[in-house]
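The block underneath contains the structure these notes are about, expressed in structure tokens.
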Amino acid sequence: MAQVEQEPPIDIESSEARRRLARMVTRLFELWNLTTADQLELLGLSRTSRAQISKYRSGGAVPSSRDMLDRIGWLLSIHKSLRLLYPRNESIRYNWVMRRNQILDDQRPLDIMKYQGLIGIARVARYLDFLRGT
């Protein structure tokens, strides 16, 4: 029986991995058409940190703080779920966070994520996991 060779785990502490995460999350924000203020809130950054978004977009590494890495992980999880739920409908996939949702008390997922912070981001991600049956 042939053994499958596993790739080594990604070292999330490495600056290269955190640069890749920065590019992924800023690209996701572009696809979602979020304002800079919304991007800052989702990443848990202050409104005076506008330059950070530009830095991340141009290849700067996100900090290795647990809060930042958790937020990005959940945001990418939301993106993955939307890709799986709506593989042929890009419009729904990228506008879903801006649309009111009856199941979410007629709120926009973006508002839940902004106002509830990390807990809200995780809540939206888990809701999408539920829809996917996972």
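Numbering of the sequence shown is given in our numbering, commencing with residue 5 and proceeding in unit increments. The beta-carbon is built from N, C-alpha and C at its ideal position, and this holds for glycine as well. Here the structure is a predicted model, which means the values were calculated and not measured.
Close CB contacts of arginine 87 within its chain, under the 8 Å cut and outside five residues either way in sequence, are with Arg97 (chain order). Residue pairing by DSSP places asparagine 105 opposite Gln111 in a beta bridge. Of the candidates Trp78, Leu25, Arg103, the residue whose Cα lies closest to the Cα of glycine 124 is Trp78. Within its own chain, the residues whose Cβ lies closer than 7 Å to the Cβ of serine 81, once the five positions on either side in sequence are excluded, are Ala129, listed in chain order. Setting aside the 5 residues that flank it on each side, arginine 51 is surrounded in the same chain by Ala41, Leu44, each with a C-beta closer than 7 Å to its C-beta; the list follows chain order.
A direct Cα-Cα distance of roughly 31 Å separates isoleucine 116 from serine 18. Distance from the CA of isoleucine 57 to the CA of glutamine 106, rounded to the nearest whole angstrom, comes to 32 Å.
Per DSSP, asparagine 99 is one residue of the alpha helix (DSSP H) stretching across 94-99. Tryptophan 78 sits in a helix when the DSSP states are folded into three classes. Rounded to whole angstroms, histidine 83 and leucine 32 show a C-alpha spacing of 8 Å. Leucine 38 sits away from leucine 89, with the two beta carbons spaced by 8 Å or more.
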